[in-house]
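Trainee: Going by UniProt numbering, the residue at position 144 of the sequence shown is 144; the numbering climbs one at a time, nothing skipped.
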Amino acid sequence: MSATAVPLLAPGQVLIDVPTLRAWLHAGHRLRLIDARCAPAIGGGDRAAGRKAWQAGHLPGALHADLDQDLAAPAASAPGQGRHPLPEQAAFNAALGRWGIDTDTTVVVYDAADGSMAAARLWWLLRLLGHQRVVVLDGGVAAWSAAGLALDTDIPVVAGLPPYPGRFDRQQMVDADQVLARLGQGPGWLLDARAPARFAGHSEPVDPVAGHVPGALNLPYATLVEQGRLLAPEQIRARVLPLLGATELRDVVLMCGSGVTACHLLLALEHAGLHGARVYPGSWSGWIADSLRPVATTATG
Numbered sequence: 001m002s003a004t005a006v007p008l009l010a011p012g013q014v015l016i017d018v019p020t021l022r023a024w025l026h027a028g029h030r031l032r033l034i035d036a037r038c039a040p041a042i043g044g045g046d047r048a049a050g051r052k053a054w055q056a057g058h059l060p061g062a063l064h065a066d067l068d069q070d071l072a073a074p075a076a077s078a079p080g081q082g083r084h085p086l087p088e089q090a091a092f093n094a095a096l097g098r099w100g101i102d103t104d105t106t107v108v109v110y111d112a113a114d115g116s117m118a119a120a121r122l123w124w125l126l127r128l129l130g131h132q133r134v135v136v137l138d139g140g141v142a143a144w145s146a147a148g149l150a151l152d153t154d155i156p157v158v159a160g161l162p163p164y165p166g167r168f169d170r171q172q173m174v175d176a177d178q179v180l181a182r183l184g185q186g187p188g189w190l191l192d193a194r195a196p197a198r199f200a201g202h203s204e205p206v207d208p209v210a211g212h213v214p215g216a217l218n219l220p221y222a223t224l225v226e227q228g229r230l231l232a233p234e235q236i237r238a239r240v241l242p243l244l245g246a247t248e249l250r251d252v253v254l255m256c257g258s259g260v261t262a263c264h265l266l267l268a269l270e271h272a273g274l275h276g277a278r279v280y281p282g283s284w285s286g287w288i289a290d291s292l293r294p295v296a297t298t299a300t301g
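1) Nearest-angstrom Cα distance between residue 88 and residue 252?
2) Cutting at 7 angstroms between CB atoms, please list the residues of its own chain near residue 182, excluding the five before and the five after it.
3) Tell me where the beta strand (DSSP E) around residue 31 begins and ends.
4) Inspect the CB distances between the region 158-169 and the region 128-141 and report whether three or more fall short of 8 angstroms.
5) Would you check if the region 283-291 and the region 136-151 touch, i.e. whether three or more CB-CB distances between them fall below 8 angstroms?
6) When you compare only the Cα positions, how much space is there between residue 63 and residue 236?
7) What are the boundary residues of the beta strand (DSSP E) that includes residue 191?
8) Going by DSSP, what residue range makes up the beta strand (DSSP E) through residue 223?
9) Spatial neighbours of residue 121 within its chain, please: C-beta separation below 6 angstroms, excluding the five flanking residues on both sides.
10) So within the region 164-198, which uninterrupted beta strand (DSSP E) runs reach at least 3 residues, ignoring any that extend past its ends?
11) List, from N- to C-terminal side, the beta strand (DSSP E) runs of 3 residues or more that fit wholly inside the UniProt domain "Rhodanese" (27-153).
12) Am I right that residue 346 and residue 219 are in contact with their C-beta atoms under 8 angstroms? What's the rounded C-beta distance?
13) Could you pull the start and end residues of the alpha helix (DSSP H) that residue 269 belongs to?
14) How about the region 195-206 and the region 265-279: do they share at least three Cβ pairs that are nearer than 8 angstroms?
15) In three-state terms, what does DSSP make of residue 15?
16) Report the rounded CA-to-CA distance for residue 212 versus residue 291, giving the unit in angstroms.
17) Looking only at its chain, what residues have a beta carbon closer than 6 angstroms to the beta carbon of residue 112, apart from the 5 residues adjacent to it on each side?
18) Start and end of the beta strand (DSSP E) containing residue 253?
19) Terminal residues of the continuous alpha helix (DSSP H) containing residue 240?
20) For the alpha helix (DSSP H) containing residue 286, name the first residue and the last one.
21) Give the straight-line distance between the Cα atoms of residue 10 and residue 177, rounded to the nearest whole angstrom.
22) Taking only the alpha-carbon atoms, compute the straight-line gap between residue 228 and residue 110 and give it to the nearest angstrom.
23) Thinking C-beta only, is residue 265 closer than 7 angstroms to residue 193?
24) In the DSSP assignment, what are the bridge partners of residue 308?
25) Give the secondary structure of residue 230 by DSSP, where H, G and I count as helix, E and B as strand, and everything else as coil.
26) To the nearest angstrom, how far is it from the Cα of residue 254 to the Cα of residue 297?
27) Compare the C-alpha of residue 34 against each of 293, 185 and 61 and name the closest.
28) Could you check how far apart the C-beta atoms of residue 31 and residue 106 are, in whole angstroms? I think they sit under 8 angstroms.
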């Protein structure tokens with residue numbers, strides 16, 4: 001098989017497991033692996049931790065994408081858009097070109113499966129550009145290492161390409177005004193991926209205001225993961241569908257703290273065959289940027 005062979009993706013496939021990825025690499029398929037490890041937002045820490053982890057050891061040939069620098073614009077450059085605004089279009093498209101990604105490239109993204117979930121953020125951004133040949137490594141680097149496979153320390157050298165063509169499809173996302181306009185609707189259309197204590201307003205370690213958007217339902221992303229891997233499709237459907245009620249999937253909006261773990265919710269829904277939900281990228285940190293927007297909390301006791 002030639003080194004430019006294109007691996008076969010099943011319709012709607014969003015995940016890849018370690019044995020399949022290993023087989024793809026062995027077969028010489030045309031792939032671009034991207035390491036999206038980063039420091040989890042909660043707990044702070046070294047913002048360069050992800051890049052340092054990549055330098056210390058990564059999957060063969062993987063390049064590193066930084067959540068703050070590559071997958072988001074500086075928050076100060078986009079007031080009101082949350083802690084991780086969408087990256088500037090030209091900068092993101094140029095980054096894809098630097099990473100050797102064009103419209104025919106099969107992209108495999110992974111992270112540490114540690115709660116940062118930045119791999120799903122890059123998966124989503126590529127999907128916004130119409131790039132369908134992108135999958136996330138289920139279980140991340142931990143699954144690779146658990147299979148007894150070695151990590152590389154060589155820094156890959158990639159022949160750069162022109163900037164990736166296209167623009168983000170704004171129809172696949174919603175903004176704060178669209179959320180505000182739907183606040184009177186019944187529950188089931190807005191799902192919040194944050195931990196229960198943050199959603200309830202009992203604890204807020206990251207943002208200056210605690211609580212949630214009125215009418216939102218809590219679907220913590222961590223409840224759809226077991227040992228770093230997404231649950232089986234039928235298990236995800238069993239947890240998600242009761243929350244949606246009669247809401248059609250195309251009317252469902254996903255949010256979190258800053259538009260990162262909401263992408264993980266979207267990944268889980270797509271994995272479960274629940275297609276059509278959209279992400280609110282500003283999420284909670286963008287919502288509270290305007291003090292006139294309503295905030296709800298859940299009583300204790």
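All C-beta atoms, glycine included, are put in the ideal place defined by N, C-alpha and C. If you're wondering where the values come from, they're calculated on a predicted model, not measured in any experiment.
Mentor: Judging by the given coordinates:
1) 26 angstroms
2) 189
3) 31-35
4) yes
5) no
6) 31 angstroms
7) 190-192
8) First-last for residue 223: undefined, no H or E at that position.
9) 71, 260 and 263
10) 190-192
11) 31-35, 106-110 and 134-137
12) Residue 346 lies beyond the residue range present for the chain, which begins at 1 and ends at 301; the question has no answer from this structure.
13) 261-271
14) no
15) strand
16) 13 angstroms
17) 37, 140 and 141
18) 253-255
19) 233-244
20) 283-287
21) 36 angstroms
22) 11 angstroms
23) yes
24) No information on residue 308 is available, as it lies outside the stretch 1 to 301 that the chain covers here.
25) strand
26) 18 angstroms
27) 61
28) 5 angstroms
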